[in-house]
Amino acid sequence: MYEHQSVLSPTGAQLSLWTCPVSGTAKGVVQICHGLGEHAERYARFAEALSVAGYAVYAEDHRGHGKTTAPDAPAGFFARAEGWNQVLADKAFINQYIHEQHPDLPVILFGHSLGGTLAFSYALRWPQSINAVAVWNATTNTNALHTVLNGVLAIEKLFRGRQATSIVNALTFAQWGKAIKPHRTDFDWLSQDEAEVDKYIADPLCGWPAQVALWQDISDGMADCADNTKLSALPKKLPFNLVGGDQDPATEGGKAVLDLDHRLKANGFENVTTKVMANTRHETLNELDRDQTTKDFIAWLDQIGQ
Numbered sequence: 024m025y026e027h028q029s030v031l032s033p034t035g036a037q038l039s040l041w042t043c044p045v046s047g048t049a050k051g052v053v054q055i056c057h058g059l060g061e062h063a064e065r066y067a068r069f070a071e072a073l074s075v076a077g078y079a080v081y082a083e084d085h086r087g088h089g090k091t092t093a094p095d096a097p098a099g100f101f102a103r104a105e106g107w108n109q110v111l112a113d114k115a116f117i118n119q120y121i122h123e124q125h126p127d128l129p130v131i132l133f134g135h136s137l138g139g140t141l142a143f144s145y146a147l148r149w150p151q152s153i154n155a156v157a158v159w160n161a162t163t164n165t166n167a168l169h170t171v172l173n174g175v176l177a178i179e180k181l182f183r184g185r186q187a188t189s190i191v192n193a194l195t196f197a198q199w200g201k202a203i204k205p206h207r208t209d210f211d212w213l214s215q216d217e218a219e220v221d222k223y224i225a226d227p228l229c230g231w232p233a234q235v236a237l238w239q240d241i242s243d244g245m246a247d248c249a250d251n252t253k254l255s256a257l258p259k260k261l262p263f264n265l266v267g268g269d270q271d272p273a274t275e276g277g278k279a280v281l282d283l284d285h286r287l288k289a290n291g292f293e294n295v296t297t298k299v300m301a302n303t304r305h306e307t308l309n310e311l312d313r314d315q316t317t318k319d320f321i322a323w324l325d326q327i328g329q
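Spelled out as structure tokens, the structure:
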């Protein structure tokens, strides 16, 4: 059962934490990082499947997301300053908490979308605290769009302030919605399962427009992930699981996923499992073939513990 609690991070954030224990002997722990404009409760189905397979799950709402609160992070903000670092510090706290509860179990860090970018950035800083990393549907490098976004954000911050709703939303979410034809809703890009899209739209904690400050923090995080000096310092045996969809406009049809695959292999990483799935949009875990995808992930987890 997916259970809820609240824990106080050293950063001052009151983290909304969801956990799913294992009844019986556990094989490992999966720490989940959710995406932008959503929350950890949406991962209940995935968490329960992992639990049945022997993997305990911990998933907290990021600052400014879901039910997490912080004095320096109103809804839609990571923090007043150093937002990316603050979110990573919260994740380090949860990771430490996991190790205290399960000192002898491997910990696998899983991230979807923005959560995948956070997971990769976390791995660059604290690889010794995790046994493997799963980066799904995420961008972990800078590109031409990143350069454009930085320019837009600099102008917005100067003339409108950090708390203004950013027009970057129109350059990302809105454009991704238009990329899907035929067009039923603005969030068709998430999944082909209309029921899942409708649940997302109906959820007041999902789909809100991010402010300038949050997009700037995300831009900073992408730059951190693009640092090949940090990447080359990681242990080369650290396992990576990369997943994308060929119909996901947020990753250019999985190109961002393949870019990370190339970077990892070019830097000598020995255990990289990558799949860009056919006929699949952004939220792999909410797609029509999600059950098989989850089974494949569990099979990969089982290999990590061998």
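Residues 24 to 329 in this note's numbering are what the sequence shown spells out, letter by letter. All C-beta atoms, glycine included, are put in the ideal place defined by N, C-alpha and C.
For a minimum of 4 consecutive residues, which ranges assigned as the alpha helix (DSSP H) are wholly contained in the region 187 to 267? 191 to 194, 196 to 201, 217 to 225, 235 to 248, 251 to 255
Taking the alpha helix (DSSP H) that H285 falls in, what are its first and last residues? Numbered from its first residue, the sequence shown carries residue 285 at position 262. It spans 278 to 289 - the alpha helix (DSSP H) in which H285 sits, taken as one unbroken run.
If we ignore side chains and look at the alpha-carbon of each, how far apart do Y145 and A112 end up? Translated into the one-based positions of the sequence shown, residue 145 becomes position 122. Translated into the one-based positions of the sequence shown, residue 112 becomes position 89. Cα-Cα distance, rounded: 9 Å.
Can you tell which of Y25, E306, S39 has its C-alpha closest to the C-alpha of L31? Counting from one through the sequence shown, the residue named residue 31 turns up at place 8. Out of Y25, E306, S39, S39 has the C-alpha closest to the C-alpha of L31.
Pick helix, strand or coil for L59, following the three-state DSSP scheme. In the sequence shown, the residue the question calls residue 59 occupies position 36. Looking at L59 - three-state DSSP - the assignment turns out to be coil, as it is neither helix nor strand.
Give me whichever residues DSSP pairs with W159 in a beta bridge. The residue labelled residue 159 in the question sits at position 136 within the sequence shown. According to DSSP, which records beta bridges pairwise, W159 is partnered with H135, V266.
Report yes or no: do three or more beta-carbon pairs, one from the region 261 to 270 and one from the region 190 to 199, lie closer than 8 Å? no
Identify the continuous alpha helix (DSSP H) that holds L324 and give its terminal residues. Counted from its first residue, the sequence shown places residue 324 at position 301. That run of the alpha helix (DSSP H) goes 313 to 327.
Whose C-beta lies closer than 8 Å to the C-beta of M245 among residues of the same chain, with five residues either side of it excluded? As a first step, residue 245 is located in the sequence shown; it is residue number 222 there, counting from the start. So the list reads T140, T162, T163, N164, T165, H169, once near-sequence residues are dropped.
Going by CA-CA distance only, name the one from D314, L287, I327, F320 that's closest to L147. For this step, residue 147 is matched to residue 124 along the sequence shown. Of the candidates D314, L287, I327, F320, the one whose C-alpha sits nearest the C-alpha of L147 is L287.
Tell me the DSSP bridge mates of L40? Indexing the sequence shown from 1 puts residue 40 at position 17. Partner(s): Q28, E83.
Taking the DSSP output, what are the residues bridged to T297? Looking up residue 297 in the sequence shown gives position 274. Partner(s): L265.
What does DSSP give as the partner residues of V75 in its beta bridges? Here residue 75 is taken as the residue at index 52 of the sequence shown, counted from 1. Partner(s): none; V75 has no beta bridge.
Proximity of Y78 and L324 at Cβ, strictly below 8 Å: Reading the sequence shown from its first residue, position 55 is the one you call residue 78. Reading the sequence shown from its first residue, position 301 is the one you call residue 324. The answer is yes: Cβ separation under 8 Å.
DSSP state of I34 mapped onto helix, strand, coil: The count along the sequence shown starts at 1 and reaches residue 34 at position 11. Per the sequence presented here, residue 34 reads as Thr, with Ile not at that position. Coil, per DSSP.
Looking at L265: is its Cβ nearer than 8 Å to the Cβ of L254? Start at 1 with the first residue of the sequence shown, and residue 265 comes out as number 242. Start at 1 with the first residue of the sequence shown, and residue 254 comes out as number 231. No, they are not a contact pair.
Would you check if the distance between the CB atom of S136 and the CB atom of L59 is smaller than 8 Å? The sequence position of residue 136 within the sequence shown is 113, counting from 1. The sequence position of residue 59 within the sequence shown is 36, counting from 1. The answer is yes: Cβ separation under 8 Å.
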